[in-house]
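*Asks:* The opening position of the sequence shown corresponds to residue 2 in the working numbering, with each subsequent residue numbered one higher.
Ideal placement from N, C-alpha and C gives every residue a C-beta, glycine not left out.
For reference, the structure I am asking about is given below.
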Amino acid sequence: MIRVRFAPSPTGHLHIGGARTALFNYLFARNNNGKFILRIEDTDRTRSTDEYIEAIIEGMKWLKLEWDEGPFRQTDRFDVYKSYVEKLVKEGKAYHCCCSPEELEQRRKEAMAQGKPQKYDGRCRNKEGVEGARGQGAVRFKMPQEGQTIVDDMMRGKVVFENDQLDDLIIMRSDGTPTYNFTVVVDDVDMKITHVIRGDDHLNNTPKQIHIYKALGYEIPLFAHLPMILGADKTRLSKRHGATSVMAYKEMGYLPDALVNYLVRLGWSYGDQEVFTREELIRHFSFENVGKSSAVFNPEKLIWLNSQYIIKSNPEELAEMVMPFLENAGIIQKGQGIDKQWLSKAIKTLQERAKTMVELATSLRYYIAEDIEYNEKAKAKFLNEKSLPYLKELKESIESLSDFSAHGLENIFKAIVEKHGIKLGALAQPVRVAITGGTESPGIFEVLEVLGKEKTIKRLEKAIKAI
Ligand code: GLU
Numbered sequence: 002m003i004r005v006r007f008a009p010s011p012t013g014h015l016h017i018g019g020a021r022t023a024l025f026n027y028l029f030a031r032n033n034n035g036k037f038i039l040r041i042e043d044t045d046r047t048r049s050t051d052e053y054i055e056a057i058i059e060g061m062k063w064l065k066l067e068w069d070e071g072p073f074r075q076t077d078r079f080d081v082y083k084s085y086v087e088k089l090v091k092e093g094k095a096y097h098c099c100c101s102p103e104e105l106e107q108r109r110k111e112a113m114a115q116g117k118p119q120k121y122d123g124r125c126r127n128k129e130g131v132e133g134a135r136g137q138g139a140v141r142f143k144m145p146q147e148g149q150t151i152v153d154d155m156m157r158g159k160v161v162f163e164n165d166q167l168d169d170l171i172i173m174r175s176d177g178t179p180t181y182n183f184t185v186v187v188d189d190v191d192m193k194i195t196h197v198i199r200g201d202d203h204l205n206n207t208p209k210q211i212h213i214y215k216a217l218g219y220e221i222p223l224f225a226h227l228p229m230i231l232g233a234d235k236t237r238l239s240k241r242h243g244a245t246s247v248m249a250y251k252e253m254g255y256l257p258d259a260l261v262n263y264l265v266r267l268g269w270s271y272g273d274q275e276v277f278t279r280e281e282l283i284r285h286f287s288f289e290n291v292g293k294s295s296a297v298f299n300p301e302k303l304i305w306l307n308s309q310y311i312i313k314s315n316p317e318e319l320a321e322m323v324m325p326f327l328e329n330a331g332i333i334q335k336g337q338g339i340d341k342q343w344l345s346k347a348i349k350t351l352q353e354r355a356k357t358m359v360e361l362a363t364s365l366r367y368y369i370a371e372d373i374e375y376n377e378k379a380k381a382k383f384l385n386e387k388s389l390p391y392l393k394e395l396k397e398s399i400e401s402l403s404d405f406s407a408h409g410l411e412n413i414f415k416a417i418v419e420k421h422g423i424k425l426g427a428l429a430q431p432v433r434v435a436i437t438g439g440t441e442s443p444g445i446f447e448v449l450e451v452l453g454k455e456k457t458i459k460r461l462e463k464a465i466k467a468i
């Protein structure tokens, strides 16, 4: 049974890179009928907060990256780590270190001045039996000091590390709190993780973790270190490149499935296919098709994908999703009800054009608002003496129109155009300005049908008055 995990440290929001790591774990688990575990690595109590835990969970839920077990919190498991630390100390594989931070800093400086490696010099390593070195201070792990450690990585192949570069790392601080490289191994063992899939910023930690597995007598899982995501300037993706938090993309009007589709393609490919359903992703995902080099985050491609998802979304679903965006844009009041069936009809006319939910909401304004404002230029060009008679005639025809449908409206427009020997645009553009305030909209007959007879007449009257 394949078991994988996503193990974020709650020191910030769920970001693009973390979400992609979570996604690859999730897809790998689903593709193999395995289990996906969520573990919150919150041992660093100075930087971890409950708000960030909530935010990460919210981001995972929004992306629909459903986990099978957890969320486990490392701070709930301190007793477990403590018992493993004691075991290692008892077996002579770890030792108490009484060197004070000041002493360590002093020695680090000296080593630096002499050009020596700046790692712990092992002073307390062999002090067993020496009074004062027992049961106090931090606990360090005895790393091998010679030979090599080979990390056999699913992405990188065999990566060799020289053991003399490995530090006797602290596995438990003097205040009794355990540290990352230790807790991660204990948890991966306890949670029976078979594949550790994470960002390659953790590759250098892996040889240390391998020695901890060995010391505890456990089998080493398989590792897959994913290449980092880069910005356009080929440096690691960061805030400098724009929004990096997943929920910021929600606010900007991206659909979760579009973001997932985009993230998976950052490093994974399947032929030339760009748009995938969730089922297709699960069916096709494999590490063979994950690229070995870093992928560059491309906001234009993300927005293109988003528009594709908006086009193929069902209008009823979009009507639900657009509500908070309508509120944010001030188009409806918070908590104000709206006929969803009508709203989805309006959306149907617009979804081909909107690249984000923010754009979709904004473009719904003239449908929903009681009144509209004219774009000055459009007003000057189209609402004038020339168009006045046509607008009047149209208003009268509509008043007596029983079939207020796109089809019925088209017939009326045609009759007026033919009678006066004018082009359709000579009538349609002034109507467009009268109805929407501007010169761009979906087909005018559809717009009017959705807007309804009453509002249409009101807006034509307003335009006639304005002229
Ligand atoms: N907690 C670590 C992080 O957020 C991840 C550890 C791991 O995946 O092994 O970077």
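#1: Which class does residue 58 belong to by DSSP, given the choice of helix, strand or coil?
#2: Is residue 72 near ligand 1, going by C-beta to nearest heavy atom under 6 Å?
#3: To the nearest whole angstrom, what separates the beta carbons of residue 180 and residue 194, a pair I think is in contact under 8 Å?
#4: Of all residues in the structure, which have a C-beta closer than 5 Å to any heavy atom of ligand 1, taken in chain order?
#5: Tell me the DSSP secondary structure of residue 139 in three-state form.
#6: What number of angstroms, rounded off, separates the C-alpha of residue 417 from the C-alpha of residue 346?
#7: Measure the alpha-carbon distance for residue 67 versus residue 298 and round it to whole angstroms.
#8: Considering only their Cβ atoms, is the gap separating residue 197 from residue 173 smaller than 7 Å?
#9: Indicate the three-state DSSP secondary structure (helix, strand or coil) for residue 149 in the structure shown.
#10: Which class does residue 162 belong to by DSSP, given the choice of helix, strand or coil?
#11: What residues in its chain sit with their C-beta under 7 Å from that of residue 362, if we drop five residues either side in the sequence?
#12: Which runs of the beta strand (DSSP E) at least 3 residues long sit entirely within the segment 55-105? Give them in chain order.
#13: Going straight from the alpha carbon of residue 401 to that of residue 278, what length do you get?
#14: Going by CA-CA distance only, name the one from 85, 89, 55 and 65 that's closest to residue 73.
#15: So the candidates are 97, 65 and 111; which of them puts its Cα closest to the Cα of residue 103?
#16: If you measure from the beta carbon of residue 182 to each beta carbon in chain D, is any gap under 7 Å?
#17: Using a 10 Å radius around the Cβ and a threshold of 16 neighbouring Cβ atoms, would you call residue 48 buried or exposed?
#18: Ignore the nearest five residues each way along the sequence and tell me which others in residue 398's own chain have a CB closer than 8 Å to its CB.
#19: My output table needs one value for residue 316: the three-state DSSP class, helix, strand or coil.
#20: Using only the alpha-carbon positions, how far apart do residue 121 and residue 291 sit?
#21: Quick one: Cα of residue 133 to Cα of residue 99, how far?
#22: Suppose only complete runs of 4+ residues qualify. What are the alpha helix (DSSP H) ranges in the segment 301-348, listed by chain order?
#23: Short of 7 Å in beta carbon distance, which residues of its chain neighbour residue 210, apart from the five on each side in sequence? Order them along the chain.
#24: How far does the alpha helix (DSSP H) with residue 369 in it reach, from first residue to last?
#25: Tell me where the alpha helix (DSSP H) around residue 173 begins and ends.
#26: Restricting to Cα atoms, I'd like to know which of 305, 351, 259 and 231 is closest to residue 294.
#27: Quick check: the Cα distance between residue 303 and residue 358, rounded to an integer number of angstroms?
#28: DSSP three-state label for residue 133, please.
#29: Tell whether a beta-carbon distance below 7 Å holds between residue 151 and residue 143.
#30: So, are the CB atoms of residue 204 and residue 21 less than 7 Å apart?
#31: Can you check DSSP and say which residues form a bridge with residue 401?
#32: Please specify which runs of the alpha helix (DSSP H), each continuous and at least 4 residues long, are wholly inside the segment 195-253, giving them in chain order.
#33: Check for me: the beta strand (DSSP E) holding residue 428 runs from which residue to which?
#34: With distances taken from CA atoms, which of 411, 369, 175 and 453 is nearest residue 101?
#35: Inspect the beta-carbon positions of residue 449 and residue 391 and report whether they are closer than 7 Å.
*Replies:* Let's see:
#1: helix
#2: no
#3: Actually they do not touch by this definition, with Cβ atoms about 19 Å apart.
#4: 8, 9, 10, 42, 185 and 199
#5: strand
#6: 27 Å
#7: 24 Å
#8: no
#9: strand
#10: strand
#11: 323, 326, 327, 330 and 332
#12: 70-74 and 95-98
#13: 48 Å
#14: 55
#15: 111
#16: Of the protein chains in this structure there is only one, and it is not chain D.
#17: exposed
#18: 413, 416 and 417
#19: helix
#20: 38 Å
#21: Annotation note: pLDDT 47 at residue 133 (below 50); position unreliable, no value reported.
#22: 316-322 and 324-329
#23: 182, 185 and 186
#24: 366-369
#25: Run containing residue 173: none in the alpha helix (DSSP H); it sits in the beta strand (DSSP E), 171-173.
#26: 231
#27: 14 Å
#28: Bear in mind that the predicted position of residue 133 carries a pLDDT of just 47, short of 50, making it unreliable; the figure below should be weighed with that in mind. Coil.
#29: no
#30: no
#31: DSSP output for residue 401 lists no bridge partner at all.
#32: 207-217 and 247-252
#33: From DSSP, residue 428 is part of no beta strand (DSSP E) but of the alpha helix (DSSP H) over 425-437.
#34: 175
#35: no
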